[in-house]
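Following: one structure in structure tokens, then a few remarks.
2 protein chains.
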Amino acid sequence: MEKEDLTKEQLRTLQNCDESGLRTPPPRLELLTSSMTPHIQRTNRNKNWRVRTALNFKGIEYDTRPVNLKKGEHNTPEYENLNPLKLVPTLIIDGQALTQSVAILEYLEETRPEPALLPKNPIDRAKVRAIVQSIASDIQPIQNLRVVKHSKQDDWGNYWITSGFRAIEKHLKETSGDYCFGDSITLADVFLVPQVYNANRYQVDLTEFPIIQKINARLNELQAFRDAHPSNQIDCPLIPGV
Amino acid sequence: MEKEDLTKEQLRTLQNCDESGLRTPPPRLELLTSSMTPHIQRTNRNKNWRVRTALNFKGIEYDTRPVNLKKGEHNTPEYENLNPLKLVPTLIIDGQALTQSVAILEYLEETRPEPALLPKNPIDRAKVRAIVQSIASDIQPIQNLRVVKHSKQDDWGNYWITSGFRAIEKHLKETSGDYCFGDSITLADVFLVPQVYNANRYQVDLTEFPIIQKINARLNELQAFRDAHPSNQIDCPLIPGV
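In the order they appear, the protein sequences are chains A and B. Residues in the first sequence are numbered consecutively from 1, following full-length UniProt numbering. Residues in the second sequence are numbered consecutively from 1, following full-length UniProt numbering.
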């Protein structure tokens, strides 16, 4: 699949190389994310956040290269060439540009398996992935800013997150321990924290979801999760109350 | 994780056992799906279809137990106990009830790896999963009937499928051969066919997407895909033009 590989020019650009191949600074992983302008705070941030959390949890160093959606930087031919969906994030890793947070996280799990974010037993893995998809498919895409805007309904985000959280709360009643699935951190936790953050932004009444609240609070005390928080990113402006 | 297991009573019910444990008929896989009433034809059918295709492709025998969403059979305590999200499908397999099509398909791939629906190389797997998520997260949930209804916009389904297909068509220009990813059938193909069917129902102009059209036509000639088509299911009524 040679056509899958990045062109040499793409790689040079991404790795800050000149034509001789000299690199400054030395090559690292790069995560192209949306800039943290006030506008962007409510857009694809969830997906970047997931990837950052997993990278932190696994102790993988990376650089962040913000993509300012408000300035349309995701609409440039260069970005579209890397990511035809024009969505963030794109992770530059192992000489390839990977897109879609679920695909990126599965890749990290396959290539950097320790510390693990999926259990070993296939049934347990399926149950963790079911929680992941309950967020990644059944909630987040519907309350994504582009969909909220298109809906022209003020309570759109609140409605779909509340509905999705009712299902997840029931699910967690069966599967949770200290975290979403038993007492170990899994991909389900990685997906939960940003979704709870969005729930707060859409003023979802979380008192209905005591398990989600308890797990979220516990996760937010962990270093990998704290460091991944949008307020701790290089391009996050100081916004009161965020 | 013993609490994860089905109760004995649940298992007896699902396997048609009496209390002595005698089974009639012998236990098989069961796929709980939505009934194929005209109303249901446009609801969660996509997700059942994906699972059926993968089961067929891997040569795994199964029985189908339709769940009539119109009659509210997904709202019964029994069904909710199996699937808190009250969505179809639920796959009863290896003594467990699994939900969420992506999680189910990853489970099948892990426990019944041949014939494979994911490439061996992690980068290739990530690229297949990116196409999968472009459908499973970025298109299908937004054009799901419950969301379409809630939007109160006539062109909602058409708009989001067209937008998503533009991204996928570009993606496929890079990755496709005979199928979505090179010349082998992958999970991306399993997800593509039901989404194209939905595109037709929402009158999406497919002439804009020649690669999607070509691959879809090729897939629909394969036995595993033909057998998974809704019109070939036990509970599908004869509906002209469907």
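All residues carry an ideal CB built from backbone N, CA and C; glycine is no exception.
Could you confirm whether any beta carbon from chain B is found closer than 8 Å to the beta carbon of residue i?
i: residue 129 of chain A; result: yes
i: residue 76 of chain A; result: no
i: residue 143 of chain A; result: no
i: residue 106 of chain A; result: yes
i: residue 30 of chain A; result: no
i: residue 110 of chain A; result: yes
i: residue 66 of chain A; result: no
i: residue 195 of chain A; result: no
i: residue 199 of chain A; result: no
i: residue 89 of chain A; result: no
i: residue 154 of chain A; result: no
i: residue 231 of chain A; result: no
i: residue 184 of chain A; result: no
i: residue 210 of chain A; result: no
Exposed or buried, what is residue i when buried is set at 16 or more other beta-carbons lying within 10 Å of its beta-carbon?
i: residue 95 of chain B; result: exposed
i: residue 141 of chain A; result: buried
i: residue 76 of chain A; result: exposed
i: residue 127 of chain B; result: buried
i: residue 30 of chain B; result: buried
i: residue 40 of chain B; result: Model confidence at residue 40 of chain B stands at a pLDDT of 28, short of 50, so the residue's coordinates are unreliable; what they give is reported in the following sentence. Buried.
i: residue 203 of chain B; result: exposed
i: residue 66 of chain A; result: buried
i: residue 124 of chain A; result: buried
i: residue 189 of chain B; result: buried
i: residue 232 of chain B; result: exposed
So, for residue i: in the same chain, excluding its five sequence neighbours on each side, which residues have a beta-carbon less than 7 Å away from its beta-carbon?
i: residue 225 of chain A; result: 53, 193, 219
i: residue 148 of chain B; result: 156, 157
i: residue 107 of chain A; result: 98
i: residue 139 of chain B; result: 160, 161, 164, 195
i: residue 178 of chain B; result: 218
i: residue 4 of chain B; result: Per-residue confidence for residue 4 of chain B stands at a pLDDT of 40, beneath the threshold of 50, marking its modelled position as unreliable; the derived number appears in the next sentence. Nothing meets the Cβ criterion.
i: residue 167 of chain B; result: 134
i: residue 49 of chain A; result: 194, 228, 230
i: residue 73 of chain B; result: 67, 79
Skipping 5 residues on each side, what residues in its chain have a beta carbon closer than 8 Å to that of residue i?
i: residue 216 of chain A; result: 192, 193, 196
i: residue 183 of chain A; result: 177
i: residue 172 of chain A; result: 131, 180, 211, 212, 215
Check whether the Cβ of residue i lies closer than 8 Å to any Cβ atom in chain A.
i: residue 125 of chain B; result: yes
i: residue 205 of chain B; result: no
i: residue 98 of chain B; result: yes
i: residue 147 of chain B; result: yes
i: residue 136 of chain B; result: yes
i: residue 188 of chain B; result: no
i: residue 116 of chain B; result: no
i: residue 102 of chain B; result: yes
i: residue 178 of chain B; result: no
i: residue 213 of chain B; result: no
i: residue 133 of chain B; result: yes
i: residue 113 of chain B; result: no
i: residue 63 of chain B; result: no
i: residue 94 of chain B; result: yes
i: residue 48 of chain B; result: no
Return yes when the C-beta of residue i is under 7 Å from any heavy atom of the ligand MG, and no when it is not.
i: residue 209 of chain A; result: Absence of the ligand MG from the depicted structure is noted, as is the absence of any ligand whatsoever, leaving it without description.
Spatial neighbours of residue i within its chain, please: C-beta separation below 6 Å, excluding the five flanking residues on both sides.
i: residue 109 of chain B; result: 117, 118
i: residue 102 of chain A; result: 136
i: residue 104 of chain B; result: 51, 91, 98
i: residue 213 of chain B; result: 206
i: residue 57 of chain B; result: 224
i: residue 55 of chain B; result: 62
i: residue 82 of chain A; result: 90, 97
Measure how close the beta-carbons of residue i and residue j come, nearest whole angstrom, since I'm counting them as under 8 Å.
i: residue 122 of chain A; j: residue 111 of chain B; result: 5 Å
i: residue 209 of chain B; j: residue 174 of chain B; result: No, residue 209 of chain B and residue 174 of chain B are not in contact; Cβ-Cβ is about 15 Å, not under 8 Å.
i: residue 151 of chain A; j: residue 151 of chain B; result: 6 Å
i: residue 198 of chain B; j: residue 143 of chain B; result: 6 Å
Which runs of the beta strand (DSSP E) fall wholly inside the region 62-88 of chain B and span at least 3 residues, in chain order?
List check, beta strand (DSSP E) in window: 62-67.
Unbroken stretches of the beta strand (DSSP E), 3 residues or longer, contained in the region 149-221 of chain B
Correct list: empty.
List in chain order: all unbroken alpha helix (DSSP H) runs of 4+ residues lying wholly within the region 108-149 of chain A.
Assignment of alpha helix (DSSP H) within the region 108-149 of chain A, counting only whole runs of 4 or more residues, yields 122-136 in chain order.
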